[in-house]
Every structure is written in structure tokens, then in C-alpha cells.
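J.: Sending over a structure as C-alpha cells; questions will come in a sec.
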Amino acid sequence: MEMVNKNITILSQSYPFGVAEVFLENELKVLALEFKTITVINADSRFLTQRSIPENVHSVSLGKGAGKKEKFGAYLSPLCLKSIFSLPSPERKFWLGYYAEALNRKKFLEKNGLNKTEIYYSYWGDEWSLALALLKSEGKIKSFYFRVHGYDLFEERTSGGKIPFRSFVIKQATRIFPVSEAGKIYLDNKYPEHKSKYVKASLGVFDRGITSINEDAIPIVVSCSNLIPLKRVHLIAEILGSLNRKIKWVHFGDGVEREKIMQKVASFPLVELKLMGHVKNDIILSFYQENAVDAFLHMSESEGGVPVSIQEAISFGIPVLAADAGGVKEIVSERTGILLNHAVDVPIATEQLQSLLNTYSRNKEKRLAVREVWKEGYNAEVVFHQFAKQLTNE
1141 MEMVNKNITI LSQSYPFGVA EVFLENELKV LALEFKTITV INADSRFLTQ
1191 RSIPENVHSV SLGKGAGKKE KFGAYLSPLC LKSIFSLPSP ERKFWLGYYA
1241 EALNRKKFLE KNGLNKTEIY YSYWGDEWSL ALALLKSEGK IKSFYFRVHG
1291 YDLFEERTSG GKIPFRSFVI KQATRIFPVS EAGKIYLDNK YPEHKSKYVK
1341 ASLGVFDRGI TSINEDAIPI VVSCSNLIPL KRVHLIAEIL GSLNRKIKWV
1391 HFGDGVEREK IMQKVASFPL VELKLMGHVK NDIILSFYQE NAVDAFLHMS
1441 ESEGGVPVSI QEAISFGIPV LAADAGGVKE IVSERTGILL NHAVDVPIAT
1491 EQLQSLLNTY SRNKEKRLAV REVWKEGYNA EVVFHQFAKQ LTNE
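Read left to right, the sequence shown gives residues 1141 to 1534 (the working numbering).
Right under this line is the structure:
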């Protein structure tokens, strides 16, 4: 595909700093081939780690957050005051702070040359998207786009049950990209008057080949998530402990439940657990390349889109056992493994895992079929080129 002779500004939370927003890292590798120049503006550059970026991608940091001027500006804004009028006091304070931060980001964009770019794209439906909506409402930019994933999409999951100024942002936006069909359906139902703006735009992962089939008697299973209550990793421990057979469990990720998981596994002598902690994404992918993984397990209580961790697993032909949440059902089916009910029943899940190990894990044809689902819907080379077209066709 021929490069578009346009400049694009992408607004991130912290990328290219830290280890978060791995999905954006994948996306940029393709977008860098599609656009003349890309400017990535991040809101948080405090992290020591800085990732390498393509040659035509430039990184800029927002710097300071909202100050007194922006907070005062929020108090003077008719849009802000009208929106917070009926809110309880704690929520009112949060909305004021949110608006003030959006004003801060808006001013930053104004100072750094709005005439230097043709396309504005926020990777999240956060304060950046509100900043762009304010600029659009004032006629300072013609259009803007943003993705929505999970926390920035499902309003019922927020403390006050609403995402600040969401209806205003949607009204001003040119196009909004939920990363799953579940997200698109949510927007269709929540804000039906703007249905034409919602376009599902899947995330994707690159091809790193297919993992070998395990010939050892002891199965190897992998999970990848933060060790926090939301991810329900304790259920994985209970399922593996109930198998009553030797099994190796490798977990990528860390968090507040690390000790809890270790203590739980200690009561299951047949489960050999290896906690890998937070690592760079390349280390996870290299593990899949170099080890014969039998299954990938995912028990998260909620998801916004289609988990990229599952996309990575199926790209290697690794079958999946996962609990139904968000966009999980869009990728986990009989073709890729077994989908559990959201309310996980451990004895049933244990039986299903045993079935997965017996029917999928050591079967070459089944594993090739698993990988085929990745090829059809989650190949980064395909989905991000398609996404670039969406950004250039208003």
C-alpha cells in the first residue's frame, strides 16, 4: 500500500515510555509505513524505560498536568458547569479535574502547532479525546478520531456510572473505533443517534510462527495478566490444582495478589508455578517460540475488547480456555478452544481443561485451525493497514 502523504498526531497515555500500551507499539509499526510523519504525544513520561520507535515517528511529552489556570477555566466553562450541576459532590470534583486536564492538553496542542498535522487520533477515550472535542467545537481542527477499549468505554464500570462529557465528545468526533464487536454494540445501544460514527477496528499481533507440540508427559500452560482481583488468576490456580496431575504453569505479569497466588499454589503439590513478573512483550513471544505450550488460560472478570494476550496465544496455534467477558467470545470458540461461562465453576472448568489438553493440545490439525482464526481476524499486518484507511477516509 502506498504511503499517504499526510502527517498524523497520535495521543497516548505513556507510550513510548514504560512498558504499557504494547498494542499501540504494534500498531505504530504499520502506521509508520502509511503516513509521512507521526507525532506521538504522551501524557506521562515519568517511566525510565523508553522504547525504540520508527524513524518517522517523533515523541513529545505533555509535561505538567493541569494547574490553577486550567482549574479556574473549568469553573468558567458553560459546558462544564451545565454537565456537573446535578452531580453529587465527589463526582463533581472529579469531573472538574477531568475537564481541567483536558483544557491543559488542549492548550498544549494549541501551543505546539495545530497547523503541522492533518489527522488527530487519540488511542483512548480519555482526557485527550475531550481536548480534541473542545478544539473541534471551536473550529480549530476539522476532525478527530479515537479508539475505545474497556475502562474508557463501559460507563457502568466507573465509580459514578458515567464517563465525563462522553456525549459531547461523541457528538464532536469524526469516527470512534471500539476494538471489539461487543464495544460497538454497547455504543450502538448507549448512543444510537451517532451509530454511523462507530466502526469496529480490531487490534492485532504480528506473525512469529507456530509453537511446537509438547511431547513431554507434563503439560505446560500459560497465563498473562496483572495479578489483581479483576483478573481472577486464583481461579486458574484452583482449576490446575483440581486436575490431580503434574502440570507446569507459567504466568507473565505481577501485582498485589502475587503472594496470594503463591500461597494457593503451595497447597497443590502437583502444580509447578513459575511467576515471570512484568516483562517486555518480546520475552513473552520468545517464550511461545521456544517452548511447547499446551494451553493458554484466561479468567478475567471483565474485558473491553478482544484480549491481545489471547490473540498472541492463538497466533502460535495455542488453544485457549477462557471465561466469557467483553469481547472474549469473539475469539474463543470451538475453533480456538473452550469458552467458559462468566461465572466460572471450577469443577466444570477442570473437566473442560482436561478435554482441551486431550483434544487440542497435541493435535497438529487442531492447532493449525486455532492459528487460522488469528490469520482471519487479528493479523497486525492486515488489521492495521485497514485501520490506516479508516483514518484517511473521512
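Glycine included, every Cβ here is placed at the ideal spot set by N, Cα and C.
Figure out for me which residue from Ala1489, Lys1340, Ala1435, Arg1315 has the closest Cα to the Cα of Val1362.
T.: Nearest option by C-alpha distance: Ala1435.
J.: Would Leu1385 be called buried (16 or more neighbouring beta carbons within 10 Å of its own) or exposed?
T.: It should be pointed out that residue 1385 corresponds to Arg in this sequence rather than to Leu. With fewer than 16 Cβ atoms within 10 Å of its Cβ, Arg1385 is classed as exposed.
J.: Would you list, in sequence order, the uninterrupted alpha helix (DSSP H) runs of no fewer than 4 residues that lie entirely inside the segment 1238-1323?
T.: With a minimum length of 4 residues, the continuous alpha helix (DSSP H) runs that stay inside the segment 1238-1323 are 1267-1277, 1306-1312.
J.: Grab me the residues of Val1200's own chain with a C-beta within less than 8 Å of its C-beta, minus the 5 sequence neighbours each way, in chain order.
T.: Answer for Val1200: Thr1179, Val1180, Ile1181, Asn1182, Asn1252, listed in chain order.
J.: Give every residue of the same chain whose Cβ lies closer than 7 Å to the Cβ of Leu1164, excluding the five residues on either side of it in the sequence, and list them in chain order.
T.: The residues are Ser1152, Tyr1155, Tyr1263.
J.: Tell me Leu1480's beta-bridge partners as DSSP assigns them.
T.: Partner(s): Ala1463.
J.: State the CB to CB distance for the pair Arg1316 and Val1345, rounded to an integer number of angstroms; the pair is presumed to be in contact (CB under 8 Å).
T.: The displayed chain sequence assigns Ile, not Arg, to residue 1316. With 8 Å as the limit, Ile1316 and Val1345 do not qualify as a contact, their Cβ atoms being about 23 Å apart.
J.: In its own chain, which residues sit with a C-beta less than 8 Å from the C-beta of Glu1210, not counting the 5 before and 5 after it?
T.: Only Ala1240, Glu1241, Leu1243, Asn1244, Lys1247 meet the Cβ criterion.
J.: For a minimum of 4 consecutive residues, which ranges assigned as the alpha helix (DSSP H) are wholly contained in the segment 1160-1219?
T.: Whole alpha helix (DSSP H) segments, 4+ residues: 1162-1174, 1208-1216.
J.: Should the segment 1373-1390 be called in touch with the segment 1327-1342, which here means at least 3 C-beta pairs below 8 Å?
T.: With the cut-off at 8 Å, the segment 1373-1390 and the segment 1327-1342 do not touch.
J.: Hey, out of Val1170, Phe1527, Ile1368, Asp1184, whose CA is closest to Ala1160's CA?
T.: Closest option to Ala1160, Cα to Cα, is Asp1184.
J.: Got a sec, what are the start and stop residues for the alpha helix (DSSP H) Ser1449 sits in?
T.: Taken as a continuous stretch (DSSP letters only), the alpha helix (DSSP H) holding Ser1449 covers 1448-1455.
J.: The alpha helix (DSSP H) with Leu1493 in it runs from where to where?
T.: Where Leu1493 is concerned, the enclosing alpha helix (DSSP H) stretches over 1486-1499.
J.: Can you have a look at Arg1186 and say buried or exposed, based on whether 16 or more other CB atoms are within 10 angstroms of its CB?
T.: The residue is exposed, with fewer than 16 neighbouring Cβ atoms inside 10 Å.
J.: So His1391 is in the beta strand (DSSP E); what residue range does that whole segment cover?
T.: Element bounds for His1391: 1387-1392.
J.: Could you tell me whether the Cβ atoms of Arg1398 and Glu1441 are closer together than 8 Å?
T.: Not a contact, by the Cβ cut-off of 8 Å.
J.: CB Ala1313 to CB Phe1286, shorter than 8 Å?
T.: In this structure, Phe1286 lies closer than 8 Å to Ala1313 by Cβ.
J.: For Tyr1500 versus Pro1447, is the C-beta spacing smaller than 8 Å?
T.: Going by C-beta atoms, Tyr1500 is not nearer than 8 Å to Pro1447.
J.: Taking only three categories from DSSP, how would you classify Leu1415?
T.: DSSP places Leu1415 in strand when its eight states are reduced to three.
J.: So the candidates are Ile1281, Pro1304, Val1197, Leu1274; which of them puts its Cα closest to the Cα of Gly1237?
T.: Selected option, being the one with the closest Cα: Pro1304.
J.: Within the continuous alpha helix (DSSP H) that includes Leu1531, where are the two ends?
T.: It spans 1520-1532 - the alpha helix (DSSP H) in which Leu1531 sits, taken as one unbroken run.
J.: Among Lys1311, Gly1213, Glu1470, Arg1475, which has the Cα closest to the Cα of Ser1342?
T.: It is Glu1470 whose Cα lies nearest to the Cα of Ser1342.
J.: Assign Lys1233 to buried or exposed, taking buried as 16 or more other Cβ atoms, counted over all protein chains shown, within 10 Å of its Cβ.
T.: So Lys1233 ends up on the exposed side.
J.: Note down the Cα distance separating Gly1265 from Lys1222, rounded to an integer number of angstroms.
T.: Approximately 21 Å, taken between the alpha carbons.
J.: Flag this pair as yes or no: are the beta carbons of Ser1449 and Ser1320 separated by less than 8 Å?
T.: The answer is no: Cβ separation not under 8 Å.
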